[in-house]
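**Student:** Residue numbers (our numbering), protein chains in the order written: chain A, 13 to 191; chain B, 39 to 492.
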Amino acid sequence: MTARVPLYGLMAEFADVNHLVAAIRKLRQMGYRRMDAYTPFPVEEVWEELGVHRNMVSFLVFCGGLTGALFGIGLQYWTSVIDYPINVGGRPLFSIPAFVPVTFECTVLFAALTAVLGMLALNGLPAPYHPVFNVPRFALASRDRFFLCVEATDPLFDREGTRRVLESLSPVSVAEVSD
Amino acid sequence: MSAPARDLGPIIGPGHTFETVTDKIAAVVLSETRRGWMLGFGVSFVLLTIFLQCVAVLLVRGIGIWGINIPVGWGFDIINFVWWIGIGHAGTLISAILLLFRQTWRTSINRFAEAMTLFAVACAGLYPILHLGRPWLFYWLLPYPNAMGMWPNFRSPLMWDVFAVSTYATVSALFWFVGLIPDLATLRDRSTSKVGRIIYGILAMGWRGSARHWNRYETAYLLLAGLSTPLVVSVHSVVSFDFAVGIIPGWHATIFPPYFVAGAIYAGFAMVLTLTIPLRVYYGLEDFITMRHINYMARVMLATGLVVAYGYMMEIFMAWYSGNPFESFMVENRLTGPYRTLYFALILTNVIIPQLLWFQRVRTNIPLLFMVAMSINIGMWLERYVIIVVSLHRDFLPSSWGMYAGTIYDYGTFIGTIGLFLTLLFLFIRLLPMISIFEMRTLLPEAKVKEKHA
């Protein structure tokens, strides 16, 4: 225990989501800011307590969809009007109604790709390594347990003091996360 | 998330916790291979080899081995294309539209239905490519700068199909994979074999369930659902344009897009039921796929089936009301022509038998419901047969009339794609969780934060 390995943070394990939410609130009130919660499913209350609200995904998807629409209509305009015009019975070269399906499909395709790739990029995935996986019990985060990790970079972080605070919040266990 | 529990029983069996839900669904993947699975996979694989043989002969001898001829240039391949792509639609409907409507009962069946979508679209996509005659040149359909200096014709519904089907396949795959990421992390953490941990670990991409990640994840997932919803409608509408934009009597109808979309959802739900009913018994998943789910799916089938029946009525009505002699002849030919038996079989299997679903007793009777679902599977195939073959074989000029029948290669290819579909499905069941584990956790009462916010 006394060997001082570089520390990423301290991690408390909770048996249910209510304790986790209460713990985050308590730590936020005490002034801790650099922490993250790990849950087996999305919990809105946890985001609220952590102050996680807005994200960039919707905006990126909007931009992706717009790009797709412009790409779709641009592709059809360029190929059918400029590069390879075919006069079919005097019909307009820029036949907007006929170009709606492809434009729509391009919009959806670009927006969906942006949603997935954007979400992964903003989340920093794929991540081959992350310190929290060094805690053996963390495997339960994908099953039934709720974890709260206070990171060592927090100005209020103190190895002994923070551990005492975490232990007062009725966790199942508190573990050190080596970096 | 609200969990309505009125008169139809629960959407998840009693006594479950986060552990039991996780372990029970993951156990299907992580346990030893069962003999029944081996048998099913083996039979499917044999069917798949039939497909490979038919395709090999096709590549050597060309599409002359099929029954298509000059009035009926679209035969089994396009029938099966539309049939398969229709089956796919229930998956996206369940996962996207029901998610947007906050229908929590979708959770038990969405993963499975999405996989069904992907595999059905894969089977569907093969047909137009094989139909090209020289399938290895299929990339000519794509707009790419080429030495011939030519571009595809974007005014053609067949070109719209290329975009619609490939976008649909891509977006369905993305939606399915994004839904899988947290469950892949569960499998990574639960797997006892090293190979399993490595493979699931790579696929999970280091997912750790961080609150910030979940926040973006939920936004992305919801947006994908929102994007897939109009996509479902557009894909089958575009497929219907392949017909409706033509001038053949029996095809040239404005009812086609809504009627095709309803038919797709009808066929898709029938296939979901056909597959779910045996699976839930075999893997003991009755707690997760409850009678309530089955009942709801039966109701969706009844509703969409009525829309389809309305479509059949409208075809007849419009033929009479338009006063167009070719349209009237088309209807008369359907009802009394050489393929009349198929038309009446279609009405029986797709309209009359499904009326049994009005009765609660039928909707909760598993064997009977399975038979109704099978009847719809057959009926929807017959519907495409009637639309394609019966419309084409007698058009405007009696001198160009002809008859059509599938050859052994047509049947072989059809059975073969069923084999491909089932092979992929068996592999999916064995290798990936067929029910979304993390979403099942959110349905449990313990998932709710109880205290009020100050």
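Think of the CB as a built atom: it goes at the ideal place given N, C-alpha and C, for glycine as much as any other residue.
Suppose you measure from the CA of residue 140 of chain A to the CA of residue 246 of chain B; what does that come to, to the nearest Å?
**Tutor:** About 11 Å.
**Student:** Quick check: the Cα distance between residue 441 of chain B and residue 425 of chain B, rounded to an integer number of angstroms?
**Tutor:** If I take the Cα positions, the gap works out to 14 Å.
**Student:** Residue 117 of chain A CB to nearest chain B CB: under 8 Å?
**Tutor:** Chain B, which has a Cβ nearer than 8 Å to the Cβ of residue 117 of chain A, makes this yes.
**Student:** Is residue 120 of chain B buried or exposed, if buried means 16 or more other CB atoms sit within 10 Å of its CB?
**Tutor:** Burial call: buried.
**Student:** For the putative contact between residue 310 of chain B and residue 128 of chain B, defined by C-beta atoms under 8 Å, what is the C-beta separation to the nearest angstrom?
**Tutor:** 5 Å between Cβ atoms; contact.
**Student:** Which value, in whole angstroms, describes the spacing of the CA atoms of residue 247 of chain A and residue 115 of chain A?
**Tutor:** In the structure as shown, chain A begins at 13 and stops at 191. Residue 247 of chain A is therefore absent and cannot be evaluated.
**Student:** Using CA atoms only, rank isn't needed, just tell me which of B:272, B:59, B:90, B:290 is closest to residue 352 of chain B.
**Tutor:** The candidate whose alpha carbon is nearest that of residue 352 of chain B is B:290.
**Student:** Excluding the five sequence neighbours on either side, which residues of its own chain have a C-beta within less than 6 Å of the C-beta of residue 491 of chain B, listed in chain order?
**Tutor:** At residue 491 of chain B the pLDDT is 48, less than 50, meaning the model places this residue with poor confidence; the figure from the coordinates comes in the next sentence. Within the same chain, residue 491 of chain B has no close Cβ partners at all.
**Student:** Taking the runs of the alpha helix (DSSP H) that are 4 residues or longer, which of them lie wholly in the segment 338 to 365 of chain B?
**Tutor:** List check, alpha helix (DSSP H) in window: nothing returned.
**Student:** How far does the beta strand (DSSP E) with residue 20 of chain A in it reach, from first residue to last?
**Tutor:** 19 to 26 is the span of the beta strand (DSSP E), which, as asked, contains residue 20 of chain A.
**Student:** With DSSP run on the structure shown, which of helix, strand or coil describes residue 1 of chain A?
**Tutor:** Absent from the structure is residue 1 of chain A, since the part of chain A shown begins at 13 and ends at 191.
**Student:** Please report the distance separating the alpha-carbon of residue 159 of chain B from that of residue 87 of chain B.
**Tutor:** Taking the straight line from one Cα to the other gives about 19 Å.
**Student:** Going by Cα to Cα distance, which pick from B:143, B:190, B:437, B:252 is closest to residue 67 of chain A?
**Tutor:** If we check each option's Cα against that of residue 67 of chain A, B:252 comes out closest.
**Student:** Please identify the residue among B:274, B:169, B:147, B:67 whose C-alpha is closest to the C-alpha of residue 329 of chain B.
**Tutor:** Selected option, being the one with the closest Cα: B:147.
**Student:** Would you mind reading off the limits of the beta strand (DSSP E) that contains residue 156 of chain B?
**Tutor:** Unbroken run through residue 156 of chain B is the alpha helix (DSSP H), 145 to 169; no beta strand (DSSP E).
**Student:** Residues of the segment 147 to 181 of chain A with a CB closer than 7 Å to any CB of chain B: list them in chain order, please.
**Tutor:** Within the segment 147 to 181 of chain A, the residues whose Cβ lies closer than 7 Å to some Cβ of chain B are 151, 153, 154, 155, 156, listed in chain order.
**Student:** Can you check whether the CB of residue 58 of chain A is closer than 8 Å to the CB of residue 36 of chain A?
**Tutor:** Yes, the pair counts as a contact, with Cβ atoms nearer than the cut-off.
**Student:** Quick check: what's the CA-CA separation for residue 190 of chain A versus residue 342 of chain B?
**Tutor:** Approximately 57 Å between the Cα atoms of the pair.
**Student:** Got a sec? Which residues, its chain only, sit under 7 Å from residue 104 of chain A by beta carbon, not counting five neighbours each side?
**Tutor:** Nothing meets the Cβ criterion.
**Student:** When you compare only the Cα positions, how much space is there between residue 143 of chain B and residue 114 of chain B?
**Tutor:** Near 36 Å, if we compare the C-alpha coordinates of residue 114 of chain B and residue 143 of chain B.
**Student:** Along the chain, where does the beta strand (DSSP E) that runs through residue 163 of chain A open and close?
**Tutor:** From DSSP, the beta strand (DSSP E) with residue 163 of chain A extends over 158 to 163.
**Student:** Can you find a C-beta in chain A that's less than 8 Å from the C-beta of residue 272 of chain B?
**Tutor:** Yes, residue 272 of chain B counts as interfacial toward chain A.
**Student:** Which of the three DSSP states, helix, strand or coil, is assigned to residue 477 of chain B?
**Tutor:** Reduced to three states, the DSSP call for residue 477 of chain B is helix.
**Student:** Which residues share a DSSP beta bridge with residue 248 of chain B?
**Tutor:** The partner list for residue 248 of chain B (beta bridge, DSSP) reads A:50.
**Student:** Could you tell me how far apart the beta carbons of residue 53 of chain A and residue 485 of chain B are, in whole angstroms, since I believe they sit closer than 8 Å?
**Tutor:** Confirmed, about 6 Å.
**Student:** Give me the chain A residues within the contact set of residue 198 of chain B, using Cβ-Cβ distance strictly less than 8 Å, ordered along the chain.
**Tutor:** Ordered by position in chain A, the residues that pass the 8 Å Cβ test against residue 198 of chain B are 113, 114, 117.
**Student:** Please report the residue range of the beta strand (DSSP E) in which residue 187 of chain A lies.
**Tutor:** From DSSP, the beta strand (DSSP E) with residue 187 of chain A extends over 185 to 190.
**Student:** At a CB-CB cut-off below 8 Å, which residues of chain A make contact with residue 243 of chain B?
**Tutor:** Those are 132, 137, 138, 139, listed as they occur along chain A.
**Student:** Measuring only the C-alpha atoms, how far is residue 42 of chain B from residue 200 of chain B?
**Tutor:** Model confidence at residue 42 of chain B stands at a pLDDT of 46, short of 50, so the residue's coordinates are unreliable and nothing is read from them.
**Student:** Taking only beta-carbon atoms, is residue 324 of chain B less than 8 Å away from chain A?
**Tutor:** Taking Cβ atoms only, chain A never reaches closer than 8 Å to residue 324 of chain B, which makes this a no.
**Student:** Which residues of chain A have a Cβ atom closer than 7 Å to the Cβ of residue 334 of chain B, listed in chain order?
**Tutor:** Those do not exist, as residue 334 of chain B stays about 23 Å from chain A at its closest Cβ, beyond 7 Å.
**Student:** Rounded C-beta distance between residue 254 of chain B and residue 131 of chain A? I'm assuming under 8 Å.
**Tutor:** The Cβ separation is near 5 Å, so the contact holds.
**Student:** Taking only three categories from DSSP, how would you classify residue 433 of chain B?
**Tutor:** Coil, per DSSP.
**Student:** Are the segment 211 to 230 of chain B and the segment 64 to 78 of chain B in contact at 8 Å, needing three or more beta carbon pairs?
**Tutor:** Counting Cβ pairs under 8 Å, three or more are found: they touch.
**Student:** Between residue 210 of chain B and residue 314 of chain B, is the Cβ-Cβ spacing less than 8 Å?
**Tutor:** Contact flag unset, no.
**Student:** Beta carbon of residue 298 of chain B, beta carbon of residue 278 of chain B: below 8 Å?
**Tutor:** Contact: yes.
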